[in-house]
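K.L.:
Take the sequence shown: its position 129, counted from the start at 1, is 168 in our numbering, and no numbers get skipped.
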Amino acid sequence: MFTFLAYIKFLLRSSNQHGVHSPFVYNLVTKCFYDRKKHPSYSILKQYRKSLLKDKRTIKVKDFGAKSRVFKSDKREVSKMAKIAGISPKRARLLNRLVRYLEVDNALELGTSLGLGTAAMAAGNAIRITTLEGCPETAAVAREKFKTFEFKDIELKIDRFEKFLVDSGQWSVVRPNSQLTTDNRLAYGADFQSVTNRNSKFQIPNSKKKQPTTDSPQPSTPISILNTKYSLLFIDGNHQKEATLAYFEKLLPTVHNDSVMIFDDIHWSKGMEEAWEIIKQHSEVRVTIDTFQWGLVFFRREQEKEHFVIRV
Ligand SMILES: C[S@@+](CC[C@H](N)C(=O)[O-])C[C@H]1O[C@@H](n2cnc3c(N)ncnc32)[C@H](O)[C@@H]1O
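(1) Could you spell out the range, first to last residue, of the beta strand (DSSP E) harbouring Lys89?
(2) To the nearest angstrom, how far is the alpha carbon of Lys186 from that of Thr151?
(3) Should Asp275 be counted as a contact of ligand 1 given a C-beta to heavy atom distance under 7 Å?
(4) Kindly confirm or deny that the stretch 264 to 281 and the stretch 290 to 307 touch, where touching means at least three C-beta pairs closer than 8 Å.
(5) Between Gln257 and Phe200, what straight-line distance do the alpha-carbon atoms span, to the nearest angstrom?
(6) Roughly how many whole angstroms lie between the Cα atoms of Phe63 and Glu148?
(7) By how many angstroms is the C-alpha of Ala159 removed from the C-alpha of Phe190?
(8) Grab the span of the beta strand (DSSP E) containing Ala146 for me, first residue to last.
(9) Look up Asp329 in the DSSP assignment and give the residues it is bridged to.
(10) In terms of DSSP beta bridges, what is Phe302 paired with?
(11) For the beta strand (DSSP E) containing Thr170, name the first residue and the last one.
(12) Can you have a look at Thr169 and say buried or exposed, based on whether 16 or more other CB atoms are within 10 angstroms of its CB?
(13) Just to confirm, does Glu312 get its C-beta within under 7 Å of one of the non-hydrogen atoms of ligand 1?
(14) Could you give the first and the last residue of the continuous alpha helix (DSSP H) run that contains Thr97?
(15) From the DSSP output, in three-state form, read off Tyr384 for me.
(16) Here's the rule: buried if 16 or more other CB atoms are within 10 angstroms of the residue's CB, otherwise exposed. What is Lys202?
(17) Helix, strand or coil: which one does DSSP assign to Leu219?
(18) Less than 8 Å separating the beta-carbons of Ser90 and Lys184?
(19) Helix, strand or coil for Arg199, going by three-state DSSP, please let me know.
(20) Alpha carbon to alpha carbon, how far is Glu288 from Ile317? Give it in angstroms, no decimals.
(21) Is it true that the CB of Arg325 sits closer than 8 Å to the CB of Phe337?
(22) Report all residues from its chain with a CB closer than 6 Å to the CB of Trp315; omit the five preceding and five following residues, and keep chain order.
(23) Consider the C-beta atom of Ser80 and the heavy atoms of ligand 1; say whether any pair is separated by less than 7 Å.
(24) What are the boundary residues of the alpha helix (DSSP H) that includes Lys119?
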């Protein structure tokens with residue numbers, strides 16, 4: 040019901056390219072969002088989805104973040120997951136075009152799931168992708184498919200996002216129209232408090248003591264994902280306000296002037312809408328585009344701060 044009402048509001052506020060005065064946004068909308076050509080890479084996306092839809096294996100899923108509104112059990116058929124949980128075919132094609140249009144050379148994805156979004160970024164594009172997934176069995180399926188489809192430049196890291204997003208152990212607060220202030224950890228809910236707690240189950244970088252976990256089939260290098268600049272960051276896991284704001288803030292140092300952050304499900308709940316409003320107001324954010332399912336965030340310093348609501 041919440042999403043339905045949010046969609047009605049979106050329809051009333053949204054527009055197409057008409058009335059968009061920013062050349063950057065106008066070109067993005069007309070040349071990428073509304074590009075109706077059939078690109079050869081789309082057939083790879085189709086094949087990838089097809090291979091998941093006919094995969095009748097059942098896997099044990101470890102749930103993170105916001106609970107699924109559809110699945111009640113942790114035993115799930117891969118084909119059903121692909122039908123319900125992954126990026127839609129239309130969004131996959133848009134993501135594929137965005138990578139090309141924005142000339143994205145490297146990307147970070149939070150939430151691999153079965154790899155539909157990762158495949159969308161990779162298909163036909165020269166791109167290096169780091170993708171994070173907390174559920175080992177889901178990630179194993181994605182890894183297998185990446186191999187089958189010969190996607191070479193994908194690094195799939197398996198563990199909780201929070202583990203990879205730790206550096207100094209300090210978290211900070213996002214305040215509208217302000218620079219970040221550090222160390223107000225209480226604002227972020229249980230997960231993030233435990234990240235900052237040195238006695239927590241999460242591994243602290245530089246800690247001499249190794250803390251293996253049973254669900255980490257590969258050794259983790261937690262700080263490495265924060266040492267890179269990404270041209271595209273696809274934030275598509277744990278759709279909750281506090282987590283979304285924490286990921287945004289934590290990943291800010293990894294963006295450059297031409298990066299885009301894409302937040303999935305910005306109208307999924309009241310909390311997600313609140314997170315989106317806070318992100319829009321942040322002083323480092325210049326242009327935002329609300330496409331209902333996704334919120335796109337640009338940091339281009341040469342642009343005036345402006346918010347768009349565009350039907351895709
Ligand atoms: C909506 S799915 C991602 C869909 C995928 N990006 C796509 O385009 O098809 C979200 C995924 O994020 C993972 N996830 C959510 N919160 C997480 C967390 N805190 N740490 C690790 N993985 C998490 C879930 O296990 C789930 O597989």
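Think of the CB as a built atom: it goes at the ideal place given N, C-alpha and C, for glycine as much as any other residue.
P.N.:
Walking through what the data contain:
(1) No beta strand (DSSP E) holds Lys89; the alpha helix (DSSP H) holding it covers 80 to 92.
(2) 15 Å
(3) yes
(4) yes
(5) Because the pLDDT at Gln257 is just 48, under 50, the model does not fix this residue reliably, and the value given afterwards should be weighed accordingly. In a straight line, the C-alpha of Gln257 is about 15 Å away from that of Phe200.
(6) 24 Å
(7) 11 Å
(8) 145 to 149
(9) Gly334, Val348
(10) Ile274, Gly334
(11) 167 to 172
(12) The residue is buried, with at least 16 neighbouring Cβ atoms inside 10 Å.
(13) no
(14) It is not in any alpha helix (DSSP H) - Thr97 instead sits in the beta strand (DSSP E) that spans 97 to 99.
(15) Residue 384 is absent from the structure shown; the chain starts at 40 and stops at 351.
(16) With a threshold of 16 other beta carbon atoms within 10 Å, Lys202 meets it and is buried.
(17) Bear in mind that a pLDDT of 34 at Leu219, under 50, signals an unreliable position, so the number given afterwards is only what the model happens to contain. Here Leu219 sits in coil by DSSP.
(18) yes
(19) coil
(20) 11 Å
(21) yes
(22) Once the five neighbours on either side are set aside, the close Cβ partners of Trp315 are Ile305, Gly334.
(23) No, ligand 1 has no heavy atom inside 7 Å of this Cβ.
(24) 117 to 123
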